[in-house]
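Residue numbers (the numbering used here): 5 to 137. Backbone N, C-alpha and C fix where the C-beta goes; we use that ideal spot for every residue, glycine too. Encoded as structure tokens, the structure appears first; notes follow it.
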């Protein structure tokens, strides 16, 4: 499936549209992450790792961009956030003295959510530019 990579404001507009937002919330509810995790220890562990890896990725990107914009070396930050991820028990690898979780950048919950919303509301995911052409 190919998704339009429009501006961030277009993406926010799609995801804050009340109909799409309610659909996404209902889909999340139907997935029942908490219920599935309580019944399956492996699923619970994978879910924990996925959530912590997503948090790692979000803050790594956010703060690296901030530090770079201020001309500050990101190496110490990368080492520190990598150590925090490793101390949290995330699986991963160390390269150039920096630990990176193996799940960094991937979120197993987002793709199915967006795919189902795109299938149900494809017109909401088409940019104004695409509509004009």
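For residue i, the three-state DSSP class (helix, strand or coil)
i	result
residue 116	helix
residue 5	Legend: pLDDT at residue 5 = 37, less than 50; position of this residue unreliable, no value from coordinates given.
residue 62	helix
residue 95	coil
Outcome for residue i when other beta-carbon atoms lying within 10 angstroms are tallied against a minimum of 16
i	result
residue 60	buried
residue 64	buried
residue 75	exposed
residue 4	Since the displayed the chain opens at 5 and closes at 137, residue 4 lies outside it and no answer follows.
residue 28	buried
Cβ-based neighbour list, residue i, same chain, cut-off 6 Å, excluding 5 preceding and 5 following
i	result
residue 111	58
Cβ-based neighbour list, residue i, same chain, cut-off 7 Å, excluding 5 preceding and 5 following
i	result
residue 40	47
residue 78	68, 71, 72
residue 126	none
residue 21	128
Residue i beta carbon near the ligand MN (any heavy atom closer than 7 Å)
i	result
residue 32	In terms of ligand content, the structure shown is empty, and the ligand MN therefore cannot be addressed.
Cut-off 8 Å between Cβ atoms - residues of its own chain near residue i, not counting five sequence neighbours on either side
i	result
residue 54	107, 110, 111, 112, 113
Inter-residue CB distance, residue i and residue j (contact presumed, cutoff 8 Å)
i	j	result
residue 92	residue 56	6 Å
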